[in-house]
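Number of protein chains: 2
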Amino acid sequence: MLIREATPADWPAIWPFLREIVAAGETYSWDRDTDEDRARALWFKPAPGRTFVAVDEDGTVLGTAESHPNQAGGGAHVANAGFMVDPRHSGRGVARALCAHVLDRARADGYRAMQFNAVVETNDRAVALWESLGFEILATVPEAFHHPHKGYVGLHIMHRGL
Amino acid sequence: MLIREATPADWPAIWPFLREIVAAGETYSWDRDTDEDRARALWFKPAPGRTFVAVDEDGTVLGTAESHPNQAGGGAHVANAGFMVDPRHSGRGVARALCAHVLDRARADGYRAMQFNAVVETNDRAVALWESLGFEILATVPEAFHHPHKGYVGLHIMHRGL
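Quick note, the sequences are listed as chains A and B, same order.
At position 153 of the first sequence (counting the first as 1) the number is 487 in my numbering, and the numbers step up by one without a gap.
At position 45 of the second sequence (counting the first as 1) the number is 379 in my numbering, and the numbers step up by one without a gap.
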């Protein structure tokens, strides 16, 4: 598996699984019917935002990540990031590899910490993965996410220094 | 003091003190040199975002507020809000009146809670005011804000049900 910066040419490989994850509405607080133009703009943010892909030896895109400042101005030294792994390639460590890469890159870019604002508390695999990578749950916003099957569940705010 | 929905015609009265507050860089995690077009877009968000002004008996704008969903999709039932009071009219209860109004309106609009993501912990007056209005500090993100005089300080995440 190789992780590299994404280019616009990667988008057609990203959009099918990103759309599927967003449409499921279980893990991302995006509108479930987010259209392609809006999704591309959310995933390919302007600099200093960065977008990455994880590809296998054949060049197949397995997953993607993006990072950007969590706040502007006086808060711009804390990064935020998002991760999407093609469900057809889950269980291969793609998210872990993407996150480790994003953390290294954020540190190199001068960020001092990384914060996730909205980790759905029922997304057990993600929560466990981020904790194993050094994130801690600072707080859980009660009933802040309306899960399509589980109703109102909490959103974890997770954080780690860099 | 009257609180009403803002119109584009209010912007010329808002911009001078909003710019002053943002340029000071002590309470808002916006770029300190945010230009007028960008500021207007941040303060007048599209629906369901709302923008308000507090005006006195002469029609002078004393302060302003805006509210919008804190997240999209499954998180859109939690509101976020921002408040700016003209420093020349501070100490008159403008922020308290604006916040009470915004809370009432958010409740009427069907939001279930309100969350502030980035309350600078050294902004004692704001923290005390939000607490007096029923908000609690869910967490303080350590060193998440670079204050121009005080260095790295925390950002409170504050929340209350509606």
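Where a beta carbon is used, it is the ideal one built from N, C-alpha and C, also for glycine.
It should be emphasised that the depicted structure is a prediction, and the values quoted were computed from it without experimental measurement.
Whole-number beta carbon distance between Ile491/B and Ala473/A, since they are thought to touch under 8 Å | Taking the first sequence and counting its residues from 1, one reaches residue 473/A at position 139. Taking the second sequence and counting its residues from 1, one reaches residue 491/B at position 157. Right, the Cβ-Cβ distance comes to about 6 Å (below 8 Å), so this counts as a contact.
Distance CB(Phe450/B)-CB(Cys433/B) smaller than 8 Å | Numbered from 1 along the second sequence, position 116 holds the residue referred to as residue 450/B. Numbered from 1 along the second sequence, position 99 holds the residue referred to as residue 433/B. In this structure, Cys433/B does not lie closer than 8 Å to Phe450/B by Cβ.
Hey, is Tyr362/A's beta-carbon within less than 8 Å of any beta-carbon in chain B?
-> In the first sequence, residue 362/A corresponds to position 28, counting from 1. By this cut-off, Tyr362/A is an interface position.
Starting from Ala462/A, trace the alpha helix (DSSP H) both ways and give me its first and last residue.
-> To locate residue 462/A, count along the first sequence from 1; it is residue 128. First-last of the alpha helix (DSSP H) with Ala462/A: Asp458 to Ser466.
Find the nearest neighbour of Gly383/A within the set Ile471/A, Pro482/A and Arg439/A, judged by alpha-carbon distance.
-> To locate residue 383/A, count along the first sequence from 1; it is residue 49. The shortest C-alpha separation from Gly383/A is found at Arg439/A.
Contact set between the segment 434 to 459 of chain A and chain B, restricted to residues whose Cβ is under 9 Å from the partner = Arg446, Ala447, Gln449, Asn451, Ala452 and Val454
Can you tell which of Ala442/A, Ile355/A and Ala462/A has its C-alpha closest to the C-alpha of Gly427/A?
-> The residue labelled residue 427/A in the question sits at position 93 within the first sequence. Answer by Cα proximity: Ala462/A.
DSSP state of Arg494/A, grouped into three classes?
-> By 1-based counting over the first sequence, the position of residue 494/A is 160. Three-state DSSP puts Arg494/A in a strand.
Chain-ordered residues of the segment 385 to 409 of chain A with a beta carbon less than 7 Å from chain B | Gln405, Ala406, Gly407, Gly408 and Gly409
Can you list, in chain order, the stretches of the beta strand (DSSP E) that have 3 or more residues and sit fully within the segment 365 to 417 of chain B?
-> 384 to 389 and 395 to 403
Are the C-beta of Ala473/A and some C-beta of chain B separated by less than 8 Å?
-> Here residue 473/A refers to the residue found at position 139 when the first sequence is read from its first residue. The C-beta of Ala473/A comes closer than 8 Å to at least one C-beta of chain B.
Could you check the C-alpha separation between Val412/A and Asp392/A for me, to the nearest Å?
-> Within the first sequence, numbered from 1, the residue matching residue 412/A stands at position 78. Within the first sequence, numbered from 1, the residue matching residue 392/A stands at position 58. Using only the alpha carbons, I get a separation of about 35 Å.
Beta-carbon of Val419/A versus every beta-carbon of chain B: anything under 8 Å?
-> Looking up residue 419/A in the first sequence gives position 85. It does not: the Cβ of Val419/A has no partner Cβ on chain B nearer than 8 Å.
Excluding five sequence neighbours on each side, which residues of the same chain lie with their C-beta closer than 7 Å to the C-beta of Lys379/A?
-> For this step, residue 379/A is matched to residue 45 along the first sequence. Its chain contains Glu400 and His402 as the residues whose beta carbon lies nearer than 7 Å to that of Lys379/A, once the 5 sequence neighbours on both sides are disregarded; these appear in chain order.
Could you check the C-alpha separation between Leu336/B and Leu352/B for me, to the nearest Å?
-> Counting from 1 along the second sequence, the entry for residue 336/B is found at position 2. Counting from 1 along the second sequence, the entry for residue 352/B is found at position 18. About 19 Å.
To the nearest whole angstrom, what separates the beta carbons of Ala406/A and Asp365/B, a pair I think is in contact under 8 Å?
-> For the purposes of this step, residue 406/A is taken as residue 72 along the first sequence, with counting starting at 1. For the purposes of this step, residue 365/B is taken as residue 31 along the second sequence, with counting starting at 1. Sure, about 5 Å apart at Cβ, within 8 Å.
Can you give the Cα-Cα distance for Arg422/A and Ser363/B, rounded to whole angstroms?
-> Taking the first residue of the first sequence as position 1, residue 422/A is located at position 88. Taking the first residue of the second sequence as position 1, residue 363/B is located at position 29. Cα to Cα, Arg422/A sits roughly 39 Å from Ser363/B.
Just curious, the alpha helix (DSSP H) that Glu354/A is in, first and last residue?
-> On the first sequence, residue 354/A is found 20 positions in, with the first residue counted as 1. Residue range Trp345 to Ala358 is occupied by the alpha helix (DSSP H) that includes Glu354/A.
N- and C-terminal bounds of the alpha helix (DSSP H) containing His423/A | Position 89 of the first sequence, counted from the start, is the residue given in the question as residue 423/A. Looking at the DSSP string, His423/A is not in any alpha helix (DSSP H), and its letter there is neither H nor E.
Between the Cα of Gly444/B and those of Gly485/B, Val389/B, Ala410/B and Val475/B, spot the shortest distance and give me the residue it belongs to.
-> Here residue 444/B refers to the residue found at position 110 of the second sequence. Measuring from the Cα of Gly444/B, the nearest candidate turns out to be Ala410/B.
Mind listing, in chain order, the continuous alpha helix (DSSP H) runs of no fewer than 4 residues lying wholly within the segment 430 to 459 of chain B?
-> none
Quick one: what does DSSP say Pro503/A is sitting in, helix, strand or coil?
-> The shown model of chain A, from 335 to 496, leaves out residue 503/A, and the question about it has no answer.
Keeping to the same chain, check which residues put their C-beta closer than 6 Å to that of Leu467/B; ignore five residues upstream and five downstream.
-> The residue given as residue 467/B occupies position 133 in the second sequence. For Leu467/B, where only same-chain residues beyond five positions count, the Cβ hits under 6 Å are Cys433.
When every heavy atom of the ligand ADP is checked, does at least one fall within less than 7 Å of the C-beta of Glu360/B?
-> The ligand ADP is not part of this structure, which contains no ligands at all.
Quick one: does Ile286/B have its CB under 8 Å from some CB of chain A?
-> Absent from the structure is residue 286/B, since the part of chain B shown begins at 335 and ends at 496.
Where Gly359/A meets chain B, residues with beta-carbon distance less than 7 Å | On the first sequence, residue 359/A is found 25 positions in, with the first residue counted as 1. Ordered by position in chain B, the residues that pass the 7 Å Cβ test against Gly359/A are Gly407 and Gly408.
Just how far apart, CA to CA, sit Arg374/A and Gly425/B?
-> What you label residue 374/A is simply residue 40 of the first sequence in a count that begins at 1. What you label residue 425/B is simply residue 91 of the second sequence in a count that begins at 1. Each residue's Cα considered, the two are about 45 Å apart.
Chain A within 8 Å of Arg366/B, Cβ atoms only = By one-based count along the second sequence, residue 366/B stands at place 32. By this cut-off, Arg366/B is an interface position.
Alpha-carbon spacing of His435/B relative to Ile348/A, whole angstroms | Taking the first residue of the second sequence as 1, we reach residue 435/B at position 101. Taking the first residue of the first sequence as 1, we reach residue 348/A at position 14. Per the coordinates, the alpha-carbon of His435/B lies some 43 Å from the alpha-carbon of Ile348/A.
So with Cβ pairs under 8 Å, would you call Phe351/B a contact of chain A?
-> Taking the first residue of the second sequence as 1, we reach residue 351/B at position 17. No - not a single Cβ of chain A is within 8 Å of the one on Phe351/B.
Starting from the beta carbon of Glu477/B, find every residue of chain A whose beta carbon is closer than 8 Å, and list them in chain order.
-> For the purposes of this step, residue 477/B is identified with residue 143 of the second sequence, where counting begins at 1. Neighbours of Glu477/B on chain A, chain order: Arg446 and Ala447.
Quick one: residues in its chain with C-beta nearer than 6 Å to the C-beta of Gly495/A, no 5 flanking neighbours on either side, listed in chain order?
-> By one-based count along the first sequence, residue 495/A stands at place 161. Same-chain partners within the cutoff: Ala447.
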